[in-house]
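Shown next, in structure tokens, is the structure this report addresses.
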Amino acid sequence: MLVKSSAQLRYLSIPPRKMRLVANAVIGMPVEKALNILNFMPKIAAHHLAKTLKSAAANALSKEGTDNLNPEVLTIKSIIVDAAPTAKRIRYRSMGRVYRYRKRFCHLIVNVEGHTIEPEAKKASTAGAAAEKTVEKTAGKKESASGKKKAVKTTKKAVKKTAAKKTGSAKSDARKRATKARPKTEKKAEK
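Now the structure itself:
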């Protein structure tokens, strides 16, 4: 089944012409590949586009769930960049003149789509995983019994040695603390 999702970012303070340059570079790509490209693109528009693209992918995953939709399957269907209202600004110049300039804004809409995982494919993948587990179990049983006994004995010895080291070091630490805690007058009296 085809899953469609979108996300939008409105009143973005980047001119639509500059945003379209970045958008045209990633249209039609898988989401993961597009994000890799956008992360290394040295334009501020790339940051805003990546943020909106992540949001669209998250919307698709929350709509269908990760059990039904694999994030690697999502692709960018379209990126719509529309002009938003333009802000008029002025810059004061010499001899009483004023230069007007337009601060352009844009709206950004990202549409992604992907196919859900079919229930039959899920069953086949779980059956394959179960078959691999049974193969691993049978391979483990074929080991010799004597090898297992030796391994158990060596691990028991290692556990005993580490336990002995811990208790011995704990006793010596306690002695050191006790000698440090005594006042100096008592040490002189003992000598």
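The working numbering puts the first residue of the sequence shown at 5, with every later residue one more than the last. No residue lacks a Cβ here, since even glycine has one placed at the ideal position from N, Cα and C. The model shown is predicted, which means the values in this text are computed figures rather than measured ones.
Have a look at the DSSP bridge pairing and note the partners of residue i.
i      : result
Gly118 : Val7
Leu13  : Leu112
Ala87  : Cys110
Pro46  : None, per the DSSP bridge assignment.
Val102 : Tyr96
With the cut-off set at 7 Å, would you say residue i and residue j are in Cβ contact?
i      : j      : result
Ile84  : Ile31  : no
Leu42  : Leu25  : no
Arg93  : Tyr105 : yes
Ala27  : Thr56  : no
Ala49  : Lys81  : no
His111 : Asp86  : yes
Alpha carbon to alpha carbon, how far is residue i from residue j?
i      : j      : result
Met210 : Glu117 : What the structure shows of the chain is the stretch from 5 to 195, and residue 210 is not part of that stretch, so it cannot be assessed.
Pro19  : Phe109 : 5 Å
Lys36  : Asn74  : Looking at the sequence provided, one finds Glu at residue 36 rather than Lys. Taking the straight line from one Cα to the other gives about 12 Å.
Thr79  : Pro34  : 4 Å
Glu76  : Leu13  : 23 Å
Asn72  : Tyr103 : 57 Å
Ala60  : Val114 : 7 Å
Lys58  : Ser66  : 12 Å
Asn40  : Gly100 : 50 Å
Leu6   : Ser17  : 34 Å
My output table needs one value for residue i: the three-state DSSP class, helix, strand or coil.
i      : result
Leu73  : strand
Lys58  : helix
Lys81  : strand
Arg97  : coil
Val156 : Residue confidence is low: Val156 scores 49 on pLDDT, short of 50, so the model does not pin down where it sits. Its coordinate-derived value is still stated next. Here Val156 sits in helix by DSSP.
Pro196 : No answer is possible for residue 196: the residues shown for the chain start at 5 and end at 195.
State the CB to CB distance for the pair residue i and residue j, rounded to an integer number of angstroms; the pair is presumed to be in contact (CB under 8 Å).
i     : j     : result
Tyr15 : Ala91 : Tyr15 to Ala91, Cβ: 10 Å. No contact.
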